[in-house]
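So for the sequence shown, this note's numbering puts the first residue at 38; every next one is plus one. We put the beta carbon where it would ideally sit given N, CA and C, even for glycine. A short write-up of the structure that comes next.
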Amino acid sequence: MVALPSQSSADSAIATAGRQDVRSLGINPHHWYVVARSDEVTDKPHGVVLWGEAIVLYRDAEGSIQALEDRCPHRQVKLSEGEVAQGELECIYHGWRFDAAGACTHVPYLAEDQKLPSCQLKTYPVQDLDGFVWLFPGDRDKLATDNIQPMGLPEWHHINYIASVAVIDVAAHYSFLIENLMDMYHGRLHDDLQAWADPVLANLDATDQRVDVLYNAQSYYRIDKIWSVSQLFFPALRQLHPEELRVSYVYPHWMSTLGQDFKICCLFCPVSPTHTRAYLIHFTSLQPFHRLHKLPMAFRRFVKNRLFDAAKGLLNGLVAQDVLMLEQEQAAYLKNPSYKGPELNRALISVQKLIRQQAESL
Ligand code: FES
Ligand SMILES: [Fe+2]
């Protein structure tokens, strides 16, 4: 039994024993974060927030995604309230226009004897890759020198993978979410929604870039016949078999595989110390259906597109259950920041260590 601390300790600093608490640590900005889905960014400005930085995304005249700070240099209103005009961002207030390099290019009421104001909006490297918008908020020199690449999702366009996407929007620090994703011992919460049971942590590898954990588990997920898909919806049809369950924290994102044909990724956009957004993407492989591979590519493409988001309902169910827990953890932490509960899963110790290494490596 662990004694609860007195309420007065809630007022004490978030920092404990001279070290900043993991629940308030910042992010390492020298990575590619995922701030939107590709199809969310159109020729209408789209505002996002990454670790307190308001950013506006839009597609220019060539259809390329651009990312700039979401703040008009004139009166500091949001440029995401405005429009894209002639491929450039136009502020809704006085109609000033800015190019992709962040310079003011047009003021509608500029007198002949006036010059365009010299202002420079911050711009961000951005990539439209594998269905998502990857943004690098860190140092551009470091990006080039270290050749830092986005993780990407090779299965997104692969003809044999069916994707489903859910959004996680949770009032919690990102550490709570990644710990939840790395902790396979919370199956009690998900009951019938989860594809595995009885996990036992079998191996753990940790570096200053990633944490890889192998759990030996039981799985009902074996999609080798068409009817086996029905296991997803009818728990009574499920037959358990041993399967390897692998989870990886590839800072700042997460991926997991269950056997050969089941993969889930979680792409992170930490919004603030108490707010995290993320995309959870589930891939089902059609690899076992050999007859399907002989069919014309147009038909296979049709099947892939038709089945897109087939597991969205399941994902949303899982997410709702996790979000309830995560928001309670965050609220309880804010009330009693110095309380440390007992932790029996050593994977989470490695996860916290990695978060600290990354946050403090700046
Ligand atoms: S506030 Fe943006 S143009 Fe004036
Ligand atoms: Fe969960």
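Inset, instruction - Pick out whichever of Pro187, Leu153, His195 has its Cα sitting closest to the Cα of Met334. - result: His195
Inset, instruction - Indicate the three-state DSSP secondary structure (helix, strand or coil) for Tyr130 in the structure shown. - result: coil
Legend entry - DSSP state of Asp220 mapped onto helix, strand, coil: coil
Legend entry - CB of Asp249 within 8 Å of CB of Ser285, strictly: yes
Legend entry - Residues of its chain near Leu180, where Cβ-Cβ distance is below 8 Å and the 5 sequence neighbours each way are ignored: His67, Pro162, Phe173
Legend entry - Enclosing alpha helix (DSSP H) for Ala181 [first to last residue]: 177-182
Inset, instruction - Check whether the stretch 326-340 touches the stretch 278-297, counting contact only when three or more Cβ pairs, one atom from each stretch, lie closer than 8 Å. - result: no
Inset, instruction - Assuming Leu62 and Ile392 form a contact by the criterion Cβ under 8 Å, report the distance between their Cβ atoms to the nearest whole angstrom. - result: Cβ atoms of Leu62 and Ile392 come within 8 Å of each other, at about 6 Å.
Inset, instruction - Look at the alpha carbon of Val202 and the alpha carbon of Asp346, and state the distance between them as a whole number of angstroms. - result: The straight-line gap from Cα to Cα measures roughly 6 Å.
Legend entry - Nearest to Cys306 (by Cα), restricted to the options Gln389, Asp183, Trp133, Asp206: It is Asp206.
Inset, instruction - List the residues that DSSP assigns as beta-bridge partners of Ser212. - result: DSSP output for Ser212 lists no bridge partner at all.
Legend entry - Cys409 CB to nearest heavy atom of ligand 1 below 7 Å: Summary: the structure shown does not reach residue 409, with the chain confined to residues 38 through 399, and so no result is reported for it.
Legend entry - Pairwise C-alpha distance: Glu281 and Gly296: 6 Å
Legend entry - Closer than 7 Å: Leu226 CB and nearest ligand 2 heavy atom: yes
Inset, instruction - Assign Lys81 to one of three DSSP states: helix, strand, or coil. - result: coil
Legend entry - Cβ-heavy atom distance, His223 to ligand 2, below 7 Å: Relative to ligand 2, His223 has its C-beta within less than 7 Å of a heavy atom.
Legend entry - Beta-carbon proximity list for Asp176, same chain, < 8 Å, skipping 5 on both sides: Pro66, His67
Legend entry - Enclosing alpha helix (DSSP H) for Ser387 [first to last residue]: Counting along the chain, the alpha helix (DSSP H) containing Ser387 begins and ends at 383-396.
Legend entry - Which of helix, strand or coil DSSP assigns to Ser256: strand
Inset, instruction - Please classify Ser101: is it buried, with 16 or more other beta-carbons within 10 angstroms of its beta-carbon, or exposed? - result: exposed
Inset, instruction - Take Leu226 and list the residues in its own chain whose beta-carbon comes closer than 6 Å to its own, dropping the five residues that flank it on each side. - result: Excluding sequence neighbours, Leu226 sits near Gln358.
Legend entry - Under the three-state DSSP convention, the category Gln358 falls into: helix
Legend entry - Three-way DSSP call (helix, strand, coil) for Lys115 in this model: Coil, per DSSP.
Inset, instruction - Report the rounded CA-to-CA distance for Phe213 versus Ala91, giving the unit in angstroms. - result: 23 Å
Legend entry - C-alpha gap between Asn442 and Ile64, whole angstroms: As displayed, the chain neither begins before 38 nor continues past 399, which places residue 442 out of reach and without an answer.
Inset, instruction - Please determine, among Tyr257, Ala368, Asp298, His312, the residue with the shortest C-alpha to C-alpha distance to Leu87. - result: Among Tyr257, Ala368, Asp298, His312, the Cα nearest to that of Leu87 is on His312.
Inset, instruction - Using the Cα positions of Ala138 and Ser398, report the straight-line distance between them to the nearest angstrom. - result: Going from the Cα of Ala138 to the Cα of Ser398 covers about 29 Å.
Legend entry - Lys372 (DSSP reduced to helix, strand or coil): helix
Inset, instruction - Examine ligand 1 and report whether any of its heavy atoms sits within less than 7 Å of the Cβ of Gly132. - result: yes
Legend entry - First and last residue of the uninterrupted beta strand (DSSP E) at His319: Start and end: 312-322.
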